[in-house]
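Below is one structure; the comments refer to it alone.
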Amino acid sequence: MNHTPPKGKIAFVLAKGLPLDFIEELLDLVKANRFEIGRIIGVEREIETVKETLFDLCMQGFSLIIVFGAIGVEVDDVVPEATASIIDKTLPGLERTIMYLLLENDEYSVVNRAVAGLYKKSILFNLPAKPKLIRLVLENILGVLQKAVR
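Each residue of the sequence shown is one higher than the one before, counting from 11 in my numbering.
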């Protein structure tokens, strides 16, 4: 039996109010791409709280930090601003890929504000709160990201 060790750890950050029932179905997808779930954490929709959470996860050495929810146009949708304030390098190709996949499958995604980038050795990006879209995006990008993590 060929057992390949995980390539890196993923942290899932969920904006407050997001249902947790879809997380279980993502675990197999994550494992199939040689990642290990290191943390699943909920966070208040306050910019400073989100920033502190993302910074702490980066300092803990997570390879991927994915934030679900709060990327639209509501007053408390502060995840893109928090993510942008943490990253020191943007990943425009990842942002465009995420937005392309979202727009192809959900017309409301035209008002989503996905941000993707690097801070130290962590890749951070935002996804909307829709389980179907989360699965679609992760199915399309985890394989590539698995090769990109350090």
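No residue lacks a Cβ here, since even glycine has one placed at the ideal position from N, Cα and C.
To the nearest angstrom, how far is it from the Cα of residue i to the Cα of residue j?
i: E84; j: N122; result: 10 Å
i: E105; j: I151; result: 11 Å
i: G68; j: F78; result: According to the sequence as given, residue 68 is Cys; it is not Gly. Taking the straight line joining both Cα atoms gives about 17 Å.
i: L111; j: V147; result: 6 Å
i: I47; j: I133; result: 14 Å
i: E117; j: G82; result: 13 Å
i: A158; j: K26; result: 29 Å
i: F32; j: D38; result: 12 Å
i: P138; j: R44; result: 23 Å
i: V125; j: G103; result: 11 Å
i: E154; j: E58; result: In the sequence as displayed, the identity of residue 154 is Val instead of Glu. Rounded to the nearest angstrom, the two C-alpha atoms are 31 Å apart.
i: V53; j: L24; result: 6 Å
Name the DSSP beta bridge partners of residue i, please?
i: L99; result: The question names Leu, yet the displayed sequence has Lys at residue 99. In DSSP, K99 forms a bridge with L128.
i: V77; result: V23 and N136
i: E46; result: K19
i: I51; result: V23
Over what stretch of residues does the alpha helix (DSSP H) that includes residue i continue unbroken?
i: V151; result: It is worth fixing the name first, because residue 151 is Ile in this sequence and not Val. Per DSSP, I151 belongs to the alpha helix (DSSP H) from P141 to A158.
i: F32; result: Premise fails: F32 is in no alpha helix (DSSP H) and is neither H nor E.
i: D66; result: I57 to M69
So, residue i versus residue j, is the Cβ gap smaller than 8 Å?
i: I51; j: T63; result: yes
i: K130; j: S73; result: no
i: L101; j: G71; result: no
i: K140; j: A92; result: no
i: F65; j: I96; result: yes
i: A80; j: R55; result: yes
Between residue i and the ligand ZN, is there a pair consisting of the residue's CB and a ligand heavy atom that are separated by less than 7 Å?
i: L111; result: Questions concerning the ligand ZN fall outside what the structure shown contains, since it holds no ligand whatsoever.
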